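Every letter in the sequence shown is one number past the one before it in numbering that gives the first Met the number 0, and letter 80, counting from 1, is 79. Cβ coordinates follow ideal geometry from the N, Cα and C atoms, glycine included. Every value quoted in this text rests on a predicted model; they were computed, and no experiment measured them. A quick write-up on the structure given underneath.
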Amino acid sequence: MSKIALMGATDIALDRLVASDANVRRIKAGISVEELAEDIARRGLLQSLSVRPVLNGDGEETGKFAVSAGGRRLAALKLLVKQKRLAKNAPVPCIVKTEGIEEEDSLAENTMREALHPLDQFRAFKNLQDAGLSIDEIAARFFVGAQVVRQRLKLAAASPKLLDLYVAEELTLEQLMAFCVTDDHARQEEVWNALSRSYNKEPYTIRRMLTEGAVKAGDKRAVFVGLKAYEAAGGAILRDLFQHDHGGWLQDVALLDRLAREKLSKAADELRAEGWKWSEFACEFPYGHTSGMRRLPSTAPQISTEQKERYDAALEEYDALSDEHAGSDELPEDIDQRMAELEEIIDAIEQCPAIFDPADMARGGVFVSIDSNGALKVERGYVRREDEAPVEQRADSNSQHSGSDENGAHSFSMRASTEGVLTADADIEAETPSKLSDRLRTELSAHRTIALRSKLSADPEAAFLVATHALALDVFYGSPQHSCLDLTLRSAPIGPHAPGVGEAPAASSLQEAFGQWQLRLPQHPAELWSWLIAQSAEDRAALFAFCVGSGVNALYLPHERRNAAFDHADHLAEHLTLDMRDFWRPTVENYFGKVTKTGILAAVREAKGEATAQMIEHLKKADMAAEAERLLDGSGWLPEMLRTQNFDAPAIEAKRAEIGEEAPSGGHDDLPAFLAEGEAEPMISVAAE
Numbered sequence: 000m001s002k003i004a005l006m007g008a009t010d011i012a013l014d015r016l017v018a019s020d021a022n023v024r025r026i027k028a029g030i031s032v033e034e035l036a037e038d039i040a041r042r043g044l045l046q047s048l049s050v051r052p053v054l055n056g057d058g059e060e061t062g063k064f065a066v067s068a069g070g071r072r073l074a075a076l077k078l079l080v081k082q083k084r085l086a087k088n089a090p091v092p093c094i095v096k097t098e099g100i101e102e103e104d105s106l107a108e109n110t111m112r113e114a115l116h117p118l119d120q121f122r123a124f125k126n127l128q129d130a131g132l133s134i135d136e137i138a139a140r141f142f143v144g145a146q147v148v149r150q151r152l153k154l155a156a157a158s159p160k161l162l163d164l165y166v167a168e169e170l171t172l173e174q175l176m177a178f179c180v181t182d183d184h185a186r187q188e189e190v191w192n193a194l195s196r197s198y199n200k201e202p203y204t205i206r207r208m209l210t211e212g213a214v215k216a217g218d219k220r221a222v223f224v225g226l227k228a229y230e231a232a233g234g235a236i237l238r239d240l241f242q243h244d245h246g247g248w249l250q251d252v253a254l255l256d257r258l259a260r261e262k263l264s265k266a267a268d269e270l271r272a273e274g275w276k277w278s279e280f281a282c283e284f285p286y287g288h289t290s291g292m293r294r295l296p297s298t299a300p301q302i303s304t305e306q307k308e309r310y311d312a313a314l315e316e317y318d319a320l321s322d323e324h325a326g327s328d329e330l331p332e333d334i335d336q337r338m339a340e341l342e343e344i345i346d347a348i349e350q351c352p353a354i355f356d357p358a359d360m361a362r363g364g365v366f367v368s369i370d371s372n373g374a375l376k377v378e379r380g381y382v383r384r385e386d387e388a389p390v391e392q393r394a395d396s397n398s399q400h401s402g403s404d405e406n407g408a409h410s411f412s413m414r415a416s417t418e419g420v421l422t423a424d425a426d427i428e429a430e431t432p433s434k435l436s437d438r439l440r441t442e443l444s445a446h447r448t449i450a451l452r453s454k455l456s457a458d459p460e461a462a463f464l465v466a467t468h469a470l471a472l473d474v475f476y477g478s479p480q481h482s483c484l485d486l487t488l489r490s491a492p493i494g495p496h497a498p499g500v501g502e503a504p505a506a507s508s509l510q511e512a513f514g515q516w517q518l519r520l521p522q523h524p525a526e527l528w529s530w531l532i533a534q535s536a537e538d539r540a541a542l543f544a545f546c547v548g549s550g551v552n553a554l555y556l557p558h559e560r561r562n563a564a565f566d567h568a569d570h571l572a573e574h575l576t577l578d579m580r581d582f583w584r585p586t587v588e589n590y591f592g593k594v595t596k597t598g599i600l601a602a603v604r605e606a607k608g609e610a611t612a613q614m615i616e617h618l619k620k621a622d623m624a625a626e627a628e629r630l631l632d633g634s635g636w637l638p639e640m641l642r643t644q645n646f647d648a649p650a651i652e653a654k655r656a657e658i659g660e661e662a663p664s665g666g667h668d669d670l671p672a673f674l675a676e677g678e679a680e681p682m683i684s685v686a687a688e
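In structure tokens form, the structure reads like this:
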């Protein structure tokens, strides 16, 4: 059997080489000719060209050679000649063939080679980095983006056990990418061991398990502290290089909390230095933390003409830019930056702190926390009951109420008694009762009481006034004893029963309205009656409505039997056309994480139909809850307990099912993430050279 003889390469001048019509590659794919030319310029020609002599009509050689395998390399070499970076007659190593079929050679070269395994490329990039090349240098040499190099280096650094599973095709590239959200090999392997016994190994599940216990970079504490400050203090951040991670996940929650408290403490000390008696800080105060406190009156800060002009100009430009780009999905970078600058100008003027009386500040205090956007939240001007000034001192400070008449003569003197009741003549008031026995005073007061009841019962307008007075005393002053009407309002505490309810829009609206009323009402409860008399009917009605609203208690507590009250709450919601979709939407935290899998599936089935529910019924509870939140976002679905009878329409899909109408085929929004992910998640591209 004869041995195979291999042909050696021969140098042929570049200007004698021409492209062959027999080259099977017709469609451009992969690396461009320009990039290939740059690579040849950097490292030289790595592979010889396969050529055949060009014959004339008589079958004689013409001195030219047709390149049947290596046409892209030939084009790259000629491009270098055109760029005057290579001599036109530069020697090119070629293997000259005269036998066989020319098209077969070209086809064999392109089909018999095997693409490089992605992991080999990942490891090669890692070796180049270890050899001293930077990420940017590697990216430039192989004509890929720096982010692609970072991704492949990240994959190469995964746990060896996971890399072996990837090579054995027991782990997909998408799954490996999900594992690389952390560099901790032990944690990667721990999660794989847990998932290896489960049928759900979807990438989103892997990411969720690896980030359990971490805090998202969008958390208000993280925004408040700042990622740079957190990392400078030694905190670690998990980053996902393969999909948008919104800043990643902060692993050291204890460190984050400490940094947030330290920053809040510093801010509280600075605010207290303004002249406040006290300052309290917390990342988040419970709902109702200002209950029972009086809010100090204040005046709006005066801004200069220059500030006003700057504010108006910034607002006008901001509105113009907003209108101009109203239909854009994404703002141009320069426009986005400019609008952010304008927002800072506007906020700096709008958020100027109110001005308080120094004497009031010496009794009052400040609450310092973090708002939902991660900014410093300052609530100034609250006075605790124990810090209130003595009644006599408060009456003296409000002496402006005893003014002068038009002729300059003083009206009769008024002062507050030790019980807080304003009297016209203290001497007479103190003298007359002392001549009567307690028994007689009781009898006389009984006759007066029954007479007042009779008159008030026949005067609806006065009854409304008295009720408003009594309720406002209870709600805003905690002093129902300043009214002769035995009418008090009990406002059941809500915060302890629903974590996060203080951040709800309804809670913020109530708190703002409460603060506005506090600023309008007189400082002392003894002055409230006179103040009410001076108000318009509309203002009295608004105050009455706010006070009554504060007393609504539709709270379900297992140990209480209040079925009749719950029925009334249903009637009230119907009368007010309450739409809870304006105040609440189902999430893992507030609903799906707190019901059974059956309850989750029932919600998805009602909102999205049986087919969608079946797609997630195999998932574990945590994954099912997360999918339900995503699928029902924006659907308007509400639990039965939150629906208003004769107002909330049934879910559209449920309605269709009742009438037998076929639901339209949905897009990816109606699919669980693990089914829609192939369309939504970008795949890493690994091109063989």
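| query | Do A624 and I599 have their CB atoms nearer than 9 Å? | reply | By 1-based counting over the sequence shown, the position of residue 624 is 625. By 1-based counting over the sequence shown, the position of residue 599 is 600. Yes.
| Cβ-based neighbour list, R580, same chain, cut-off 7 Å, excluding 5 preceding and 5 following | Translated into positions along the sequence shown, residue 580 becomes position 581. Excluding residues within five positions, the ones whose Cβ falls inside 7 Å are G635 and L637.
| So, are the CB atoms of L35 and A89 less than 9 Å apart? | Residue numbering aside, residue 35 sits at position 36 when the sequence shown is read from its first letter. Residue numbering aside, residue 89 sits at position 90 when the sequence shown is read from its first letter. Not in contact: L35 and A89 (Cβ atoms no closer than 9 Å).
| Out of curiosity, what's the CA-to-CA distance linking R206 and F280? | Taking the sequence shown and counting its residues from 1, the one referred to as residue 206 is at position 207. Taking the sequence shown and counting its residues from 1, the one referred to as residue 280 is at position 281. So the alpha carbons of these two residues sit roughly 34 Å apart.
| DSSP three-state call for C546: helix, strand or coil? | Start at 1 with the first residue of the sequence shown, and residue 546 comes out as number 547. Helix.
| Of the choices Y381, S47, K620 and P92, whose alpha-carbon is the least far from that of D10? | Residue numbering aside, residue 10 sits at position 11 when the sequence shown is read from its first letter. Comparing Cα-Cα distances from D10 to each of Y381, S47, K620 and P92, the minimum goes to P92.
| query | Nearest-angstrom Cα distance between Y229 and L556? | reply | The count along the sequence shown starts at 1 and reaches residue 229 at position 230. The count along the sequence shown starts at 1 and reaches residue 556 at position 557. C-alpha separation (whole angstroms): 41 Å.
| task | Ignoring anything shorter than 4 residues or poking outside the stretch 304-390, list the alpha helix (DSSP H) runs there in chain order. | result | 304-323, 332-349 and 357-360
| request: Select from N562, H567 and E626 the residue whose C-alpha is nearest the C-alpha of F591. | output: Here the question's residue 591 lines up with position 592 in the sequence shown. The shortest C-alpha separation from F591 is found at E626.
| message | Can you give me the C-alpha to C-alpha distance between L16 and L237, rounded to a whole angstrom? | response | For the purposes of this step, residue 16 is taken as the residue at position 17 of the sequence shown. For the purposes of this step, residue 237 is taken as the residue at position 238 of the sequence shown. Using only the alpha carbons, I get a separation of about 54 Å.
| message | Using a 10 Å radius around the Cβ and a threshold of 16 neighbouring Cβ atoms, would you call P202 buried or exposed? | response | In the sequence shown, the residue the question calls residue 202 occupies position 203. Answer is buried; the Cβ neighbour count reaches 16.
| How far does the beta strand (DSSP E) with W277 in it reach, from first residue to last? | As a working note, residue 277 is residue 278 in the sequence shown. Start and end: W277 to F280.
| said: Please classify E605 as buried or exposed, where buried requires at least 16 neighbouring CB atoms within 10 angstroms. | reply: Taking the sequence shown and counting its residues from 1, the one referred to as residue 605 is at position 606. Per the 10 Å Cβ criterion, buried.
| request: Express the C-alpha separation of E502 and F513 in angstroms, rounding to a whole number. | output: Along the sequence shown, read from residue 1 onward, the residue named residue 513 stands at position 514. Along the sequence shown, read from residue 1 onward, the residue named residue 502 stands at position 503. So the alpha carbons of these two residues sit roughly 16 Å apart.
| Looking at C-alpha atoms only, which residue of P331, S507, A505 and F475 is the closest neighbour of L518? | Your numbering for residue 518 matches position 519 in the sequence shown. Among P331, S507, A505 and F475, the Cα nearest to that of L518 is on F475.
| request: Work out the CA separation of R642 and L631 for me, nearest whole Å. | output: The count along the sequence shown starts at 1 and reaches residue 631 at position 632. The count along the sequence shown starts at 1 and reaches residue 642 at position 643. Their backbone Cα atoms lie some 16 Å apart in a straight line.
| request: Could you have a look at G62 and say whether DSSP puts it in helix, strand or coil? | output: Translated into positions along the sequence shown, residue 62 becomes position 63. Note: G62 maps to strand in three-state DSSP.
| said: Suppose the cutoff is 7 Å on Cβ atoms and the five residues either side in sequence are ignored; what does the same chain contact list for F673 look like? | reply: Position 674 of the sequence shown, counted from the first residue, corresponds to residue 673. Note on F673: pLDDT 47, under 50, position unreliable in the model; the coordinate value appears next. These residues qualify, in order along the chain: E201 and Y203.
| Do S368 and C282 have their CB atoms nearer than 9 Å? | Here residue 368 corresponds to residue number 369 of the sequence shown, with the count starting at 1. Here residue 282 corresponds to residue number 283 of the sequence shown, with the count starting at 1. Contact: yes.
| field | Residues near G7 by beta carbon distance below 8 Å, same chain, minus five either side | value | Position 8 of the sequence shown holds residue 7. If we look at G7 and ignore the five residues flanking it on each side, its Cβ neighbours are I94.
| request: From the DSSP output, in three-state form, read off K262 for me. | output: If you number the sequence shown from 1, residue 262 lands on position 263. In the structure shown, K262 sits in a helix (DSSP, three-state: H, G or I).
| message | I'd like the list of long-range same chain contacts for L258, defined as Cβ closer than 7 Å, with 5 residues on each side in sequence excluded. | response | Counting from 1 along the sequence shown, the entry for residue 258 is found at position 259. Closer than 7 Å at the Cβ level, and outside the excluded window around L258, lie V224, A228, Y229 and A232.
| Between the stretch 120-128 and the stretch 152-162, are three or more C-beta pairs nearer than 8 Å? | yes
| If you draw a straight line from the C-alpha of L263 to the C-alpha of A525, how long is it? | On the sequence shown, position 264 is the one that residue 263 refers to. On the sequence shown, position 526 is the one that residue 525 refers to. Roughly 38 Å between the two C-alpha positions.
| message | Does D578 come out as helix, strand or coil in the three-state DSSP assignment? | response | One-based indexing of the sequence shown puts residue 578 at position 579. It is coil, neither helix nor strand.
| message | Can you find the residues in the same chain that come closer than 8 Å, C-beta to C-beta, to V190, ignoring five residues on each side of it along the sequence? | response | As a position in the sequence shown, residue 190 is number 191, starting the count at 1. The answer, listed in chain order, is F178, I205, M208 and L209.
| field | Presumed contact (8 Å Cβ cut-off) between T611 and V603, rounded CB distance | value | As a first step, residue 611 must be located in the sequence shown, where it is residue number 612. As a first step, residue 603 must be located in the sequence shown, where it is residue number 604. Contact holds; Cβ gap of about 6 Å.
| How big is the Cα-Cα spacing for R84 and L48? | Translated into the one-based positions of the sequence shown, residue 84 becomes position 85. Translated into the one-based positions of the sequence shown, residue 48 becomes position 49. Between R84 and L48, the C-alpha separation is close to 20 Å.
| query | Beta-carbon of L237 versus every beta-carbon of chain D: anything under 9 Å? | reply | The question asks about chain D, but that chain is absent: this structure has only one protein chain.
| field | Element boundaries [beta strand (DSSP E), containing D163] | value | Along the sequence shown, one-based indexing puts residue 163 at 164. Segment P159 to V166 is the alpha helix (DSSP H) holding D163; no beta strand (DSSP E) there.
| query | Whose C-beta lies closer than 7 Å to the C-beta of A40 among residues of the same chain, with five residues either side of it excluded? | reply | Residue numbering aside, residue 40 sits at position 41 when the sequence shown is read from its first letter. Counting only Cβ-Cβ distances below 7 Å, and skipping sequence neighbours, we find L79 and R84.
| task | Given a cut-off of 9 Å, decide if Q250 and T274 are closer than it, judged by their beta-carbon atoms. | result | For this step, residue 274 is matched to residue 275 along the sequence shown. For this step, residue 250 is matched to residue 251 along the sequence shown. Checking the sequence, you will find Gly at residue 274 rather than Thr. Against a cut-off of 9 Å, the Cβ pair of Q250 and G274 comes out as no contact.
| request: Could you name the residues of the same chain whose beta carbon sits closer than 6 Å to that of A65, not counting the 5 residues immediately before and after it, in chain order? | output: On the sequence shown, residue 65 is found 66 positions in, with the first residue counted as 1. Once the five neighbours on either side are set aside, the close Cβ partners of A65 are V17, S19, R51 and V53.
| said: Quick check on the DSSP output: the alpha helix (DSSP H) that includes I615 runs from which residue to which? | reply: Sequence index remark: in the sequence shown, residue 615 carries index 616 (1-based). Note, I615: alpha helix (DSSP H), E609 to I615.
| According to the Cβ coordinates, are T467 and L520 closer than 9 Å? | Position 468 of the sequence shown, counted from the first residue, corresponds to residue 467. Position 521 of the sequence shown, counted from the first residue, corresponds to residue 520. Not closer than 9 Å, so no.
| field | Beta-carbon spacing of L295, D335 below 9 Å | value | Taking the first residue of the sequence shown as 1, we reach residue 295 at position 296. Taking the first residue of the sequence shown as 1, we reach residue 335 at position 336. Contact: no.
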